[in-house]
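K.L.:
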Amino acid sequence: APPEAADGRPGPGHEDFRPRIVPYYRDPNKPYKKVLRTRYIQTELGFHERLFVAVLTSKATLNTLAVAVNKTVAHHFPRLLYFTGLRSAKVPHGMVLVAHGDERPIWLMYETMNYIHQHFGSDYDWFYIMQDDTYAQAEQVKALVTHLSINQDVYLGRAEEFIGGDEQARYCHGGFGYLLSRSLLLKLHPHLDSCRNEILSVRPDEWLGRCIIDFLGITCVSQLQGQHYHTYELAKNTEPEKEEEEEFQTALAVHPVSDMTLMYRLHKQFSRIQLDRVYQEIQDLQMQIRNLTALTPAGEAGVTWPVGINAPFLPKSRFEVISWDYFTEQHLFSCPDGSPKCELSGASKADVSEIIESAVEQLNRLYQPLLRFSKRQLLNGYRRFDPTRGMEYTLDLLLEAATQKGHSHVLAKRVSLVRPLSKVEIIPMPYVTEATRVQLVLPLTVQDLDFVANFLDMFAMNTLDTHDNALLTLLFIYHPYDAQRVGQVDVFAGVKAMVGELEKRYAEVKIPWISVKTEVPSQVKLMDIVSKKHPVDTLFFLASVWTEINMEFLNRCRMNTISNWQVFFPVHFQEFNPVLVYRGEQTASSNTDFLRDGHFDRHSFAEACFYNSDYMTARTKLAADILDRDEVLESMEVFDVFLHYSGLHLFRAVEPGLVQKYTLRSCNPRLSEELYHRCVLSNLEGLASRSHLAMALFEQEQANST
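Residue 724, in this note's numbering, is where the sequence shown stops; the numbers in between run on with no holes.
Take a look at the structure:
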């Protein structure tokens, strides 16, 4: 570090770290222009992403070694691209490939450096260049760049001497990978054309090293700022599983890797080494926690189990008690659909099998070689999810214990296990904004006429008055009998008059309607008609007449719906029947908002937010599956179309901003049995809570008895 000044203040080498106040000045002679701020502070402050990785491959090894690199380390790096001269006819799935059109090694290196500078030079701090016959420890490389200063010109790798060149000059061997800083790349780019014309070399790594030395005066180093770039050169017929040298254990990069199998074996061995280090580090930390806890006021009693994991959640009242779910090896006695017993399958079955296997393994590790346990039967199983620590299990196991002399005995043993919460990961999602226009679609039948006025009033108050970017399309569903008499009596004439009044009040607003004649108002068939009349980039909100539209929900609809990625099916809040809930008492005041008595109606899928392009893609797959059997559509909803015929994420969540007042819905018996049953359940559960129903029955019995 630079020496400090005599008065103790930082010396001259610390100027870059001193805060500087930039005074604001605006020329009074120039007109004022509004400053547009960036959406993210990271952009405004000029932050860059940490690491970009480039893999040099070829047409011959693209489908072998490059695929092995992609399967072993690619998912550990934030951004990785493959560069080749000529590409194969078919690019392997999941690989981003850049082909330069020429297999000459020097030309490939020249074009790669140009491409990296042009497309990523301003976005990343570090650039790691490697070949497809190199195995790199991704986590070690990422850890390396976090310990290096970005203010220096860095050319770091395995330093090699030029053949017949200057003894002081070194280039970084391409087979072991090398690291370039952003500042070096920016300084090197203007000289790349001169290097291509003036420097003759057979090896691309020598050519690049000579270019950096000649024009920037920077030589390759294997050690910088206290960090070492460890490498290991593989000999022929090497067995990675038998390598125990310290040089191999600490290597960041291994070269040469001759085939895919060797790449996978190296990855397995280094993963095992890393795992052993992590387990050893956990044991050391647990030992330190035990030693330090003994010095606290609580003493050794303050050590939680497992050591280092948060203590179990302590409820402050009976309402906060986390219940345990009972299970056996075949059945679960706490089912998602509310039934008392269901078959154990899927992820739950795999979870139970794994936890039993782990319990027996831990017992054997604890008691061997004196005893050897084997599972006979799971007597009882309990599990619960504790949000402060993870999933907890209590198992009653029937075990057979065998001694070293061959004697065996059957015994029951209770074990407790914890599957702790691991590192929280942020899932990358595509960028969306709240400026997207929402197209509301409202299907209406004759039974809905009494509720249309309230819907239109709420729509006008919460969207038209606030100038929200939302439009409305009405879908009039005529029964065939009503459709024949539309010339004499139009059942929707009153609604059309209300729409006309809205259009007069808001001159810039147009509310179109579409008329449909059908006996069975299938949600999918209706959506087919609407979809054809709107652009593919339209964001639809499929609403119901009982929905109270508000800006808060519309913004969540925009943010939770992502084109070609995710659709949103909100679970609305349904108010209970006020006659049963309040029984003549004063109803809840309007300022209680969400706290009104009701429940989230999980049986309803009437509301949905999705893009027209996503619906059209899923609908095309559905059409190819059902061929001309249109009657199948009567048993489906839009939710089923996305669930079975799209690869999108289906986001189903409770939506407190979507509140519906109580009403008894009319369930169409012409629909499928499942849809009709779901509608009836929604009506029944929407009457009142169990306590309200019990009180109503109690009062009725008292009245009858008197």
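No residue lacks a Cβ here, since even glycine has one placed at the ideal position from N, Cα and C.
Quick one: what does DSSP say M113 is sitting in, helix, strand or coil?
P.N.:
Your numbering for residue 113 matches position 95 in the sequence shown. Coil at M113, not helix or strand.
K.L.:
If you draw a straight line from the C-alpha of S140 to the C-alpha of L69, how long is it?
P.N.:
Translated into positions along the sequence shown, residue 140 becomes position 122. Translated into positions along the sequence shown, residue 69 becomes position 51. Note on geometry: alpha-carbon atoms of S140 and L69 lie some 12 Å from one another.
K.L.:
For P588 versus A626, is the C-beta distance shorter than 9 Å?
P.N.:
Taking the sequence shown and counting its residues from 1, the one referred to as residue 588 is at position 570. Taking the sequence shown and counting its residues from 1, the one referred to as residue 626 is at position 608. A contact, by the Cβ cut-off of 9 Å.
K.L.:
Would you mind stating whether R432 and D414 have Cβ atoms separated by less than 9 Å?
P.N.:
The residue labelled residue 432 in the question sits at position 414 within the sequence shown. The residue labelled residue 414 in the question sits at position 396 within the sequence shown. For R432 and D414, yes; Cβs fall inside 9 Å.
K.L.:
Would you mind reading off the limits of the beta strand (DSSP E) that contains I13?
P.N.:
Shown here, the chain extends from 19 to 724; a query on residue 13 therefore has no answer.
K.L.:
Which of helix, strand or coil does DSSP assign to F351?
P.N.:
Here residue 351 corresponds to residue number 333 of the sequence shown, with the count starting at 1. It is coil, neither helix nor strand.
K.L.:
Mind listing, in chain order, the continuous alpha helix (DSSP H) runs of no fewer than 4 residues lying wholly within the region 231-284?
P.N.:
264-267
K.L.:
Helix, strand or coil for R200? Go by DSSP, reduced to three states.
P.N.:
Here residue 200 is taken as the residue at index 182 of the sequence shown, counted from 1. In this structure, R200 counts as helix in the three-state DSSP scheme.
K.L.:
Do W531 and F494 have their CB atoms nearer than 9 Å?
P.N.:
Within the sequence shown, numbered from 1, the residue matching residue 531 stands at position 513. Within the sequence shown, numbered from 1, the residue matching residue 494 stands at position 476. It is a contact, given that the beta carbons lie within the stated cut-off.
K.L.:
Quick test of your reading: L242 and L174, contact by CB under 8 Å. State the CB separation rounded to the nearest angstrom.
P.N.:
In the sequence shown, residue 242 corresponds to position 224, counting from 1. In the sequence shown, residue 174 corresponds to position 156, counting from 1. At roughly 6 Å, the Cβ-Cβ gap stays under 8 Å, so L242 and L174 are in contact.
K.L.:
Using 8 Å as the cut-off, classify the Cβ of K535 as near or not near the heavy atoms of the ligand GDP, replying yes or no.
P.N.:
By its list of ligands, the structure shown contains no ligand whatsoever, and the ligand GDP lies outside what it can speak to.
K.L.:
Determine the extent of the alpha helix (DSSP H) in which E717 is found, giving its start and end residues.
P.N.:
The residue labelled residue 717 in the question sits at position 699 within the sequence shown. E717 -> alpha helix (DSSP H) spans R708 to S723.
K.L.:
Report the residue from Y680, S622 and M634 whose alpha carbon sits nearest the alpha carbon of S581.
P.N.:
As a working mapping, residue 581 is identified with position 563 in the sequence shown. Residue M634 is the option with its Cα nearest to S581.
K.L.:
Across the region 254-264 and the region 280-293, are there enough close Cβ pairs to call them in contact, namely three or more that are closer than 8 Å?
P.N.:
yes
K.L.:
Buried or exposed for L702, going by 16 or more other Cβ atoms inside 10 Å?
P.N.:
Here residue 702 corresponds to residue number 684 of the sequence shown, with the count starting at 1. The residue in question, L702, is exposed, as its Cβ has fewer than 16 Cβ neighbours within 10 Å.
K.L.:
Please report the straight-line C-alpha distance between K160 and T75, rounded to a whole angstrom.
P.N.:
As a working mapping, residue 160 is identified with position 142 in the sequence shown. As a working mapping, residue 75 is identified with position 57 in the sequence shown. Going by the C-alpha atoms only, they are around 22 Å apart.
K.L.:
Please report the Cβ distance between Y146 and E67, rounded to the nearest whole angstrom; I am assuming they are in contact, meaning their Cβ atoms lie under 8 Å.
P.N.:
The residue labelled residue 146 in the question sits at position 128 within the sequence shown. The residue labelled residue 67 in the question sits at position 49 within the sequence shown. Not really, about 13 Å apart at Cβ, beyond 8 Å.
K.L.:
For the region 678-698 against the region 571-579, do three or more pairs of beta-carbon atoms, one drawn from each stretch, fall closer than 8 Å, so that the two count as touching?
P.N.:
no
K.L.:
For D162 and Q245, what's the separation of their Cα atoms in angstroms?
P.N.:
Numbered from 1 along the sequence shown, position 144 holds the residue referred to as residue 162. Numbered from 1 along the sequence shown, position 227 holds the residue referred to as residue 245. According to the sequence displayed, residue 162 carries Leu and not Asp. Rounded to whole angstroms, L162 to Q245 spans 7 Å at the Cα level.
K.L.:
Just the C-alpha distance for P110 and P123, rounded to the nearest angstrom, thanks.
P.N.:
Within the sequence shown, numbered from 1, the residue matching residue 110 stands at position 92. Within the sequence shown, numbered from 1, the residue matching residue 123 stands at position 105. The alpha-carbon atoms of P110 and P123 are separated by roughly 22 Å.
K.L.:
Near V548, which residues of its chain fall below 6 Å by C-beta distance, leaving aside the five closest residues on each side in sequence?
P.N.:
Here the question's residue 548 lines up with position 530 in the sequence shown. Here the set comprises V459.
K.L.:
How about L197 and W125: are their beta carbons less than 9 Å apart?
P.N.:
Counting from 1 along the sequence shown, the entry for residue 197 is found at position 179. Counting from 1 along the sequence shown, the entry for residue 125 is found at position 107. Contact flag unset, no.
K.L.:
Per DSSP, E361 forms a beta bridge with which residues?
P.N.:
The sequence position of residue 361 within the sequence shown is 343, counting from 1. Looking at the DSSP assignment, E361 forms a beta bridge with H349.
K.L.:
Kindly indicate which three-state DSSP category V509 falls into: helix, strand or coil?
P.N.:
Residue 509 sits at position 491 when you count from the first residue of the sequence shown. In the structure shown, V509 sits in coil (DSSP, three-state: anything other than H, G, I, E or B).
K.L.:
Which of helix, strand or coil does DSSP assign to V464?
P.N.:
On the sequence shown, residue 464 is found 446 positions in, with the first residue counted as 1. Of the three classes helix, strand and coil, the one that applies to V464 here is helix, per DSSP.
K.L.:
Assuming N398 is part of the beta strand (DSSP E), what are its boundary residues?
P.N.:
Position 380 of the sequence shown, counted from the first residue, corresponds to residue 398. Its beta strand (DSSP E) spans residues L389 to D404.
K.L.:
Please list, in chain order, all residues of the same chain as I374 whose beta carbon is under 7 Å from its beta carbon, the five residues on each side excluded.
P.N.:
Taking the first residue of the sequence shown as position 1, residue 374 is located at position 356. Excluding residues within five positions, the ones whose Cβ falls inside 7 Å are K393, L396 and L413.
K.L.:
Going straight from the alpha carbon of Q267 to that of G193, what length do you get?
P.N.:
Taking the sequence shown and counting its residues from 1, one reaches residue 267 at position 249. Taking the sequence shown and counting its residues from 1, one reaches residue 193 at position 175. Rounded to the nearest angstrom, the two C-alpha atoms are 18 Å apart.
K.L.:
Is the region 513-524 touching the region 423-443 in the sense that three or more CB pairs, one from each, lie closer than 8 Å?
P.N.:
no
K.L.:
Pull up the DSSP beta-bridge partners for C190, would you.
P.N.:
The residue labelled residue 190 in the question sits at position 172 within the sequence shown. Paired residue(s): A177.
K.L.:
Can we say the region 536-555 touches the region 643-656, given the rule of at least three CB pairs closer than 8 Å?
P.N.:
yes
K.L.:
What number of angstroms, rounded off, separates the C-alpha of G356 from the C-alpha of V436?
P.N.:
Locating residue 356 in the sequence shown gives position 338, where the first residue counts as 1. Locating residue 436 in the sequence shown gives position 418, where the first residue counts as 1. If you take the alpha carbons of G356 and V436, they lie about 26 Å apart.
K.L.:
When the distance is taken between beta carbons, is S240 closer than 9 Å to A319?
P.N.:
In the sequence shown, residue 319 corresponds to position 301, counting from 1. In the sequence shown, residue 240 corresponds to position 222, counting from 1. No; because the gap between Cβ atoms is not below 9 Å, this pair is not in contact.
K.L.:
For V116 versus L98, is the C-beta spacing smaller than 9 Å?
P.N.:
Counting from one through the sequence shown, the residue named residue 116 turns up at place 98. Counting from one through the sequence shown, the residue named residue 98 turns up at place 80. No. Outside cutoff.
K.L.:
Cβ of H137 within 9 Å of Cβ of L203?
P.N.:
Within the sequence shown, numbered from 1, the residue matching residue 137 stands at position 119. Within the sequence shown, numbered from 1, the residue matching residue 203 stands at position 185. Taking 9 Å as the Cβ cut-off, H137 and L203 do not qualify as a contacting pair.
K.L.:
Which of helix, strand or coil does DSSP assign to I300?
P.N.:
By 1-based counting over the sequence shown, the position of residue 300 is 282. DSSP places I300 in helix when its eight states are reduced to three.
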